Amino acid sequence: MTTSWPSIESTSTCSSPSSRRSRTPRSASAPSRWATPPPRDSSPPRGRGPPSASPQAWASPSLARPPPPRALAGRLRALPPAERGRIARVEGPVRALLAWERTALNFLQLLSATATLTRRHVDAIAGASPNPKGCAILDTRKTLPGLRIAQKYAVRCGGGGNHRLALWDAILIKENHIHAAGSIALAMDAARKVAAGAADRCKFIQVEVESLDELNQALNAGATMILLDNFANDLLRQAVAINAGRAVLEASGNVTLETIRGIAETGVDRISVGALTKDVKALDLSMRFVG
Numbered sequence: 000m001t002t003s004w005p006s007i008e009s010t011s012t013c014s015s016p017s018s019r020r021s022r023t024p025r026s027a028s029a030p031s032r033w034a035t036p037p038p039r040d041s042s043p044p045r046g047r048g049p050p051s052a053s054p055q056a057w058a059s060p061s062l063a064r065p066p067p068p069r070a071l072a073g074r075l076r077a078l079p080p081a082e083r084g085r086i087a088r089v090e091g092p093v094r095a096l097l098a099w100e101r102t103a104l105n106f107l108q109l110l111s112a113t114a115t116l117t118r119r120h121v122d123a124i125a126g127a128s129p130n131p132k133g134c135a136i137l138d139t140r141k142t143l144p145g146l147r148i149a150q151k152y153a154v155r156c157g158g159g160g161n162h163r164l165a166l167w168d169a170i171l172i173k174e175n176h177i178h179a180a181g182s183i184a185l186a187m188d189a190a191r192k193v194a195a196g197a198a199d200r201c202k203f204i205q206v207e208v209e210s211l212d213e214l215n216q217a218l219n220a221g222a223t224m225i226l227l228d229n230f231a232n233d234l235l236r237q238a239v240a241i242n243a244g245r246a247v248l249e250a251s252g253n254v255t256l257e258t259i260r261g262i263a264e265t266g267v268d269r270i271s272v273g274a275l276t277k278d279v280k281a282l283d284l285s286m287r288f289v290g
């Protein structure tokens with residue numbers, strides 16, 4: 000996806016004023032393969048990859064719901080990347096297309112922007128990491144209210160990965176947890192008990208550290224995933240050397256497109272970027288009738 004895509008194409012199947020006035024009862028609906036949002040996948044990523052889908056999957060559910068008639072259900076489809084200037088095509092009656100337009104564009108504009116911003120961050124670190132496993136770009140829980148699943152899906156479309164989905168599927172031990180527990184080791188013990196009670200619902204336990212001393216404490220406590228909060232690049236390199244592959248290291252805090260390549264060059268495994276979902280600016284898309 001690029002910001003050069005200005006419009007969504009539309010083809011009308013209404014040929015007369017009388018057909019424009021026709022209505023489909025609200026109870027009429029048709030099954031659509033787009034009617035269910037993409038499945039939740041909160042497992043931590045294992046590296047970057049090409050986009051697996053596009054935000055059209057989040058715009059399309061509106062096609063299967065009133066007031067648009069079922070003639071539109073599932074008929075939004077992406078166009079080949081080579082067709083610059085257009086990103087998708089949808090066919091149906093004029094009345095339905097116009098009723099559906101704003102809702103679909105709202106999803107497409109925001110989620111395409113999320114995916115595009117993610118892709119810029121992924122491209123910014125291409126080939127930079129000395130880590131043989133590469134370096135993944137992750138989102139955070141800093142999403143727009145009500146749109147967490149949608150935005151995390153868009154991040155994956157842009158080649159990034161998802162951090163935890165919510166508080167229930169993983170544990171991130173932060174500075175306040177450590178202070179309340181008394182130490183990193185005690186916080187880890189408490190987290191393990193919670194994770195054991197959650198069975199397979201808890202995907203991982205991660206510890207946030209703010210210094211090399213805390214990094215050593217976390218490693219000695221058996222941490223297998225550690226978040227390095229606001230570490231300068233020279234400290235990140237030292238952290239990678241101290242860790243020696245024992246835990247997955249994630250850099251976070253004040254990450255920008257200007258600084259992210261230098262962070263990747265330190266050898267960390269992952270970089271989490273809150274800006275992917277909280278500072279996104281919607282693309283300027285529009286729908287145009289053709290034919």
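Here the sequence shown is numbered in numbering that gives the first Met the number 0, starting from 0 and rising by one per residue. Ideal Cβ positions, reconstructed from N, Cα and C, are used throughout, including at glycine. Computed from a prediction, not measured in an experiment: that's the story for all the values here.
Assigned exposure category for residue i - 16 Cβ within 10 Å defines buried
i      : result
Leu137 : buried
Gly290 : exposed
Val154 : buried
Pro129 : exposed
Ser182 : exposed
His178 : exposed
Ser285 : exposed
Pro44  : Residue placement at Pro44 is flagged as unreliable, the pLDDT there being 40, under the threshold of 50; a coordinate-derived value is accordingly withheld.
Ile86  : buried
Lys151 : buried
Gly266 : buried
Thr139 : buried
Ala186 : buried
Leu166 : exposed
Gly91  : buried
Ala240 : exposed
Asn242 : buried
Ala222 : buried
Arg163 : buried
Residue range of the beta strand (DSSP E) that includes residue i
i      : result
Thr226 : It is Leu, not Thr, that sits at residue 226 in the sequence shown. 224 to 228 is the span of the beta strand (DSSP E), which, as asked, contains Leu226.
Leu146 : Element bounds for Leu146: n/a, residue is neither H nor E.
Ala135 : 135 to 137
Arg269 : 269 to 271
Leu171 : 170 to 172
Per-residue DSSP class, three states only, for residue i
i      : result
Val247 : strand
Val93  : helix
Leu282 : coil
Val121 : helix
Ala87  : strand
Arg140 : coil
Val289 : strand
Gly160 : strand
Asn253 : coil
Gly261 : helix
Trp99  : helix
Ala165 : coil
Asn175 : helix
Limits of the unbroken alpha helix (DSSP H) element including residue i
i      : result
Ala127 : No alpha helix (DSSP H) contains Ala127, which DSSP labels as neither H nor E.
Val206 : No alpha helix (DSSP H) holds Val206; the beta strand (DSSP E) holding it covers 204 to 208.
Thr276 : 274 to 277
Val193 : 183 to 196
Glu213 : 211 to 219
Asp233 : 232 to 242
Interface flag, residue i vs chain B, CB-CB below 8 angstroms
i      : result
Ile204 : Absent from the structure: chain B. Only one protein chain is present.
Cβ distance (whole Å) where residue i is taken to contact residue j below 8 angstroms
i      : j      : result
Ala238 : Leu218 : At roughly 10 angstroms, the Cβ-Cβ gap does not stay under 8 angstroms, so Ala238 and Leu218 are not in contact.
Ala194 : Gln216 : At roughly 19 angstroms, the Cβ-Cβ gap does not stay under 8 angstroms, so Ala194 and Gln216 are not in contact.
Ala281 : Leu143 : Between Leu143 and Ala281 the Cβ distance is about 11 angstroms, and since that is not below 8 angstroms, they are no contact.
Cys134 : Arg245 : Contact flag wrong, Cβ pair sits at about 17 angstroms.
Ala190 : Ile170 : 5 angstroms
Arg200 : Asp168 : 6 angstroms
Met224 : Val247 : 5 angstroms
Ile172 : Ala263 : Contact flag wrong, Cβ pair sits at about 25 angstroms.
Leu96  : Val89  : 7 angstroms
Glu249 : Ser271 : 6 angstroms
Fill in: Segment contact, 8 angstroms Cβ cut-off, at least three pairs: the stretch 247 to 255 with the stretch 109 to 119
no
Item to complete: Could you say if the stretch 105 to 112 and the stretch 225 to 238 meet the contact criterion of at least three C-beta pairs nearer than 8 angstroms?
Response: no
Item to complete: Report yes or no: do the stretch 268 to 285 and the stretch 154 to 167 share at least 3 C-beta pairs separated by less than 8 angstroms?
Response: yes
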